[in-house]
Each structure stands twice: as C-alpha cells, then as structure tokens.
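Chains as they are written, first to last, in this note's numbering: chain W, 62 to 460; chain U, 62 to 460.
C-beta atoms are modelled at their ideal positions from N, C-alpha and C, and glycine is treated no differently.
Working notes, structure below.
There are 2 protein chains.
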Amino acid sequence: MAEKLYEELKSPSRILLGPGPSNIYPRVQQAMLQPVVGYLDPYILGILEDTASMLRAVFGTSNQLTLAISGTGTAGMDASFCNFVEPGDVVVVGVNGLFGDRMADAARRCGAEVVPVEAEWGRIIEPAAIEATLKKHKKVKLLSLVHAETSTGVLQPLEEASYLARQHDALFLVDAVTSLGGQKMAIDERGIDICYSCSQKCLGCLSGLSPFTAGERALAALQKRSRKVQSFYLDLSLISSYWTGSHAYHHTASCIMIYALHEALAVLMDEGLDKSFERHQRHGDALKAGLESMGLKLHAQEGHRLSMLTSVQVPEGIDDVRIRNRLLHEFGIEIGGGLGPLKSRIWRIGLMGGSSTAENVLLLLSALEKSLSREGFQTEPGAGVAAALKSLSGAEVRP
Amino acid sequence: MAEKLYEELKSPSRILLGPGPSNIYPRVQQAMLQPVVGYLDPYILGILEDTASMLRAVFGTSNQLTLAISGTGTAGMDASFCNFVEPGDVVVVGVNGLFGDRMADAARRCGAEVVPVEAEWGRIIEPAAIEATLKKHKKVKLLSLVHAETSTGVLQPLEEASYLARQHDALFLVDAVTSLGGQKMAIDERGIDICYSCSQKCLGCLSGLSPFTAGERALAALQKRSRKVQSFYLDLSLISSYWTGSHAYHHTASCIMIYALHEALAVLMDEGLDKSFERHQRHGDALKAGLESMGLKLHAQEGHRLSMLTSVQVPEGIDDVRIRNRLLHEFGIEIGGGLGPLKSRIWRIGLMGGSSTAENVLLLLSALEKSLSREGFQTEPGAGVAAALKSLSGAEVRP
C-alpha cells in the first residue's frame, strides 16, 4: 500500500459517452491552474457576478437568485425541496424514471405529502394525468418534473405543465440536470419557478456545482416559511447572501471550481447557445439513425427523445456488462447501463458538452458494431456509420 | 459585459494567510489536469480506496466508514447532525465561537433539543461545565465540540469530554475543519465517534470536499433510526454505498476533486504526519512570538491556542479593514477579520497546509509592521521578525 500512495496520479484517457460526466473542455481544466484566492477576495466576487450573468443566459431567465450551489445536481435537488417545501405540503411529482423517483424521495424527506403522477420508464408524464392529479387535491404547493430523464432518455414537455401549475397556484420545479446547456431552458418564457442542474454534462465542466435559479413566486414562498430550512448547508437565503449583496460568509465556496464553471460557461457563450443546442440535436440524431440502422431499438417514446442522451435496448441474448466492458477496455469508451427496472435492458449513450462531436458518434457506432459482432449480434457492416454520416450531412435530420 | 465574459481567467497571486483556503500545493493543481473518468470507472474506484486509506491515517482511525463528502466542511457538519440526530433528541453543544453556534443551529434544524454549554469567544469549553450539563439531562444523544474554533483561535481539549460522553452513553462528535492535517486527531485513541473536516485548510487542497469518519457506535445509532435521514444528498448510508462495497450510484462524485484530495493526502504522507504537525506548531509559535514582540495582544486563552490559526487583537484606534486592505493590495496577503462579536476586534492569521512556511511568517510580520506603522501604530522596527527568527531557531519554542 505505502508505495502506491506516493505515486503521482495517472488516470486513463476515456471518451465519456455515458450519462455524465462528459469530457471536460481543455480550457476548463486549464482555468483550474489559476491561483486560488480567498472566498471574499474582490477578484472572486467579480467572477461570481459574471458566472451568475452567464447562468442567467443559459437558463433563459432574469431571476436575481441565480447561482451555483456547492454540490452536485443531487444537492440542487435537495435544496429545491428543502427550501420550498415544508412538512405537510402537498407535492405532485412526475415519476417516470429514477430521477423522478428521487424527487419524490427528497420531497418526502422534507415531510411533504407526495402525490406521484406515474408513467412507464421510457414515456413522458402526460399533461392530462398531471391535470387530473392537480384537480384532485385542494392545495398543491409544488409540481415537479424532470426535463431530461437521464435514466430513460425521455424529454418531458413543460409548457402545459407550467400552465397547469400556475392555474392551481402551485410552484413549478424542473430538474434540468441533463438538459442545461444542450437544450433550450427558457425558464422565464415557460414560467418555471425553480430549476436546478449540474456542471458535468452539457456544460463540459467537472462535477461538484449545481447551477440553480428561482423566481419571484418561489422567493415569496421562501419568505413565508414558518420554520428554518432543514439544511444549514443548502439554505438558499444564506447561500444567496454570499453570492450577492453583503457577501456574508456562509461556507468556503471553492474558487477553483467557480473558475472552472466560469470558463465552461464562457466556452458555451463563445459557441453560442443556439449553436450548442443545434450541435447536441444534430449529433443525437445521427447517433439514433446509426443505432437504428444497426438493427437496434431505441427505448424512449418517439417524438420525446433527448438529443444529449440516447437510450437503446440491449438486444436479446446480449450481455449488457460484457459489451460495456469491451467498449471501455478495448476502445476507452464509457457508456452507461440501465438503472432500476431498466438494469441490463438498455444502454444510455451520452453526447454532452465537449463529448458531443461527430467523431464520437462515428467512433461509438464503429466500436459498438465490433463489440456486438464479437458477442454474436451481427449487423450489416458499416450500416450504422453510413446512416450517421447521412444524417450528419443534413439529408435526414430528425425533428 | 459581453467582452468580459470571453476573456480567459487571470486570477491574482495571493499569499493566503487567512482562516482558509490556504494556498493549494502545486502538485495538487497539477493532478487536476488528469483526464476525467466516469464515477464507476475501475480507475476511480481504486483512487477512492487509496483516498479512504490515507484519510484513515490522517484521522487516526480504522473506521470503515471514512470518506469524503461532496461538499465543503459545512456539508460535513450538516451530515453529522442529520444522520445521527432525530427530532426530539437531546444534543449538548459546546458554543464558544461561530462554529459551535452553527453546530447548535444545524442540530436544531434536525429537530434536536439543543442544550448549549457556553464559554466566552476566545476561551475553551470547560470539561466541568460539560459534565454538569450532561448530568442535568437524563438521556443525551450526542455531545458535540469544535476542536479548532476558527472564529477565535482556540484549541479545545477533547480527552475529558470524550470520557464524559461515553460515561453518559452519548455519541461524541468533533468538528476538525481547521485542525485535520495540522494537528493530531487520534480519533480512535480519543474515542471520537463522528468527525468531519474540510479540504482547503491544513490539507492544502481546493475546497469542496469534506473528509468524514464515523465509528461503530455511530453506525449503530444510524441503523436504529426510526425515519429516513432528512437529506437525500447527505444520507451517509447512500454515500458509503458508493465509496465501498457495491459502489451503487448515489451522486456523480467529482473525480477531479478526488484526484486533488488524493494528491494532497499523498503530499502529507510524503512529508509525514508528525512532521506536518510539528511544522504547523513551529510556525504558529514563531508567528505568536513575533506578534507579541510587536506589542500586539493574542486573543485566545493562553495554553489553548491553535498552531494553524492565530487570533490577535486589533490595537486600539486601528481600523481593521484598512489594515487588511493594505495587506491585500500592497503585499498580496490575505488575513481574516473577526466574526460575530469579534468583528473589527481581532485578526485571524492562518498558517495552514502549504501556507505554513517560515517565509510566510516573516513576510506577514514585516508587512503587518509596515501597514500598522502607516496607520499610526508604531512598533519597534524589526522586533516582530527578530522574535520570530529566534523562535524558529528553536531558542524559544512554546509548549
């Protein structure tokens, strides 16, 4: 053991095409070499302000309370519930995958009375089902949905749900962990009251920060609380006092991580938001075209498939883990397996942030073809790559 | 604004002699350039294991549950209370500074009945006061103390408190945010049941991870819980399932940050724990000798002063902020101001991790002498540096 400890780290080079993290932009890693400063240094306070401005642009909001929580997207989820929900509140949660399930769990841990609106893992939550549920309850405090369900590859429509939430005077909370930066969020336009995300997917940063925004209706609920938020660490009033105004000490925000997020957002601004959204869509489309041409079946409901994360069924008789191990050890490619009821049944292929390139689409399809054929699943040689190339050339762009 | 966003970051070089962060070891920042891998990659699982082993060495424990929580030290505090305390539990908290105060706050947010044992900000919590309080209550679930009170510079004795906690069948929780790596923790020897720390002080890493350990008695309490932990993100059973055994997904642990912590721990192991403790003591002693020779008064109770953080009183008629601004803008040195009732009354000078060097002691004393004299506080020229040099030479090492 002793010898091992003092060696310098030498991590393998991976092409990260799983559900996250994605490969970090080189500019972002370089930014982490900058000297660290204190958490109240005038320099970092300026960086915080710029970071919040860029986050507002990516979220599509003018919300003053827009910042990054010092934790992963899961911390953002916890913060969303523990700040805006109090014991006894009725919370309606869309559950059509692991992350909806977790939202329900997090809300219950805050003492909420959780009413799940369920759908099969791979289908959207139907607005009609949301409406029926909201109508059944007198006073719903909050409606929460996962925008991009990372466990299934489904893109949830938000417009009708937002309208319904407002009609029933409920706050509307959205998990944008997988979508932010790769998909238009339009927080203000869509009337989303609370939204959280992560840093390591479509933003191409390291994980550990949770971009977060909340609007006026949410803040009013926060001010009306009858008791303190149950977590000191995730108390948004305290966190936002550090980010803005008095810059009061709450916790030692990690300057180096904020540098990284700032740089990742600058990369995104340089590319342009619309271009990033198009890029994610284009490569996701090409991947799907390729997979289908190889005779594989996409898992998510048609018309509601994510661009940045594609779920595809493991063919009959093929061992999920053996294929993933081949991809990792022979090609250095990571893809994700299924979770919960989809364990061993699907693969989850991410094309997020810096990992969303045409080269990665072609490489993945080639490597998958080879790995599948070695495990006995024959596809027409080159069919996947050919279909992807055709899609990339613009001949067959999916809606 | 637009122009500003796309510029590459260029942060100023600071000498960080405040209450944390300290300057990051260059080896640690270099490690952050390593390629990122997935959170279930065989490579990172090995790194997690090594990191846990090194943390055990630094904590002085054989506790299986030893890991780093994905958040700052404040997250470690929250986790300590929300996992081991349930509504209605009686919790005795030593309050002699901001961090004791926060512990009490965090415990109350978990529904605990908090009984504070108070002392002046600058003095230790007397074991006799702890004993009297424990005796007054029939069933105390947990006793918590801050080992190194960062807001006052006081080092809390732990041995008697640990004995008392065990005698009253209470768990013993210790905040080691400022002490870990710079001071012997001896978790097992001292019978500490739960302990949390941070990465950005004596470990010389970036902030954002909270080293954490819990022993058998604590785990037994965890298993006996009647309800789920109120935070999903900080649920230790879920976090530890990711670190060990099944490596079940809980949140996307930040490989890059774990690389950084691993490297910081390797730096510490290379130096040797005892040597690090001695170094922190030697430089803290020299600083104190210098400050006193300049006619300044140390704030913390004699015999109970921290090595890695020295609190010194702001002289009568001197403006706290003006001096700190001079140090920052003229010398690039950050020191800390006072918090709460000590605001404007003390400075807090840290010599932690990579920042704990003889050069920094001499530089700080020189810069402080110059800054004070410009503000009208005259000291004998060179007296501080001379006393520090004498102390460093071993002629006057304090106990």
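Check whether residue i and residue j have beta carbons under 8 Å apart
i        : j        : result
U:Gly462 : U:Leu78  : This structure does not reach residue 462 of chain U, given that chain U is present from 62 up to 460, and the question cannot be answered.
U:His312 : U:Leu101 : no
U:Thr239 : U:Thr213 : no
W:Ala428 : W:Leu388 : yes
U:Phe438 : U:Ile394 : no
W:Thr274 : W:Phe120 : yes
U:Asn157 : U:Ile191 : no
U:Gly445 : U:Leu352 : yes
U:Gln348 : U:Trp182 : Per the sequence presented here, residue 348 of chain U reads as Leu, with Gln not at that position. Cβ atoms of U:Leu348 and U:Trp182: not closer than 8 Å.
W:Phe160 : W:Ile255 : no
U:His323 : U:Thr122 : no
U:Ser131 : W:Gly132 : yes
W:Pro96  : U:Pro73  : yes
W:Asp346 : W:Ser452 : yes
U:Trp304 : U:Leu109 : yes
W:Leu232 : W:Pro188 : no
U:Met369 : U:Met330 : no
Buried versus exposed, by CB contacts within 10 Å (16 or more), residue i
i        : result
U:Asn386 : exposed
U:Val382 : exposed
W:His341 : buried
U:Ala321 : buried
W:His344 : buried
W:Lys71  : exposed
U:Gly487 : Not covered by the structure: residue 487 of chain U. The range shown for chain U is 62 to 460.
U:Lys289 : exposed
W:Ala350 : buried
U:Gln228 : exposed
U:Pro460 : Caution applies to U:Pro460, whose pLDDT of 39 falls short of 50 and renders its modelled position unreliable; the value that the coordinates give is listed next. U:Pro460 is exposed by the Cβ-count criterion.
U:Asp230 : exposed
W:Ala63  : Caution applies to W:Ala63, whose pLDDT of 46 falls short of 50 and renders its modelled position unreliable; the value that the coordinates give is listed next. Exposed, since its Cβ has fewer than 16 Cβ neighbours within 10 Å.
U:Gly398 : buried
W:Gly242 : buried
U:Ala237 : buried
U:Ser287 : exposed
U:Gly149 : exposed
U:Gly155 : buried
W:Ser417 : buried
W:Ala193 : exposed
U:Gly364 : exposed
Whole-number beta carbon distance between residue j and residue i, since they are thought to touch under 8 Å
i        : j        : result
W:Lys245 : W:Phe338 : 6 Å
W:Ser268 : U:Ser315 : 4 Å
U:Tyr257 : U:Ala168 : Not really, about 14 Å apart at Cβ, beyond 8 Å.
U:Leu219 : U:Ala209 : So it is not a contact: roughly 11 Å between Cβ atoms.
U:Glu147 : U:Gly172 : 7 Å
W:Val152 : W:Lys202 : 6 Å
U:Ser205 : U:Leu234 : 4 Å
W:Met164 : W:Met138 : 6 Å
U:Ala129 : U:Pro272 : 5 Å
W:Ile384 : W:Leu433 : 7 Å
W:Gly401 : W:Val328 : With a Cβ gap of about 34 Å, W:Gly401 and W:Val328 do not count as contacting.
U:Asn124 : U:Gly276 : 5 Å
U:Leu270 : U:Met318 : 6 Å
W:Glu430 : W:Met355 : 6 Å
Partner residues on chain A for residue i, Cβ-Cβ distance less than 9 Å
i       : result
W:Asn84 : Included in the structure are the protein chains W and U, with no chain A among them.
Name, going along the chain, the residues of the stretch 291-302 of chain W whose beta-carbon falls closer than 9 Å to a beta-carbon of chain U. Gln291, Ser292, Phe293, Tyr294, Leu295, Asp296
According to a CB-to-CB cut-off of less than 9 Å, which residues of the stretch 275-290 of chain W neighbour chain U? Arg288, Lys289, Val290
Below 8 Å, can you find three or more Cβ-Cβ pairs linking the stretch 73-90 of chain U to the stretch 286-294 of chain U? no
Contact residues within the stretch 236-262 of chain W, judged by C-beta distance below 8 Å to chain U: Cys259, Gln261
State whether the stretch 93-112 of chain W contacts the stretch 276-286 of chain W, with contact taken as three or more CB pairs (one from each stretch) at a distance under 8 Å. no
The stretch 120-146 of chain U: which residues have C-beta closer than 8 Å to a C-beta of chain W, in chain order? Ser131, Gly132, Thr133, Gly134, Thr135, Ala136, Met138, Asp139, Cys143
Check each residue of the stretch 153-167 of chain U: if its Cβ is closer than 7 Å to any Cβ of chain W, include it; give the result in chain order. Arg163, Asp166, Ala167
Three CB pairs or more closer than 8 Å across the stretch 325-335 of chain U and the stretch 163-179 of chain U: no
Members of the stretch 314-342 of chain U near chain W, C-beta cut-off 8 Å: Ala314, Ser315, Cys316, Ile317, Met318, Tyr320, His323, Glu324, Leu326, Ala327, Met330, Asp331
Could you name the residues of the stretch 422-447 of chain U whose beta carbon sits closer than 7 Å to any beta carbon of chain W, in the order they occur along the chain? none
With 8 Å as the limit, tell me which residues of the stretch 176-210 of chain W have their beta carbon closer than that to any beta carbon of chain U; keep them in chain order. none
Residues in the stretch 71-83 of chain W having any Cβ partner in chain U nearer than 8 Å: Lys71, Ser72, Pro73, Ser74, Arg75, Leu77, Gly79, Gly81, Pro82
Positions along the stretch 349-363 of chain W whose CB lies within less than 8 Å of some CB in chain U: none
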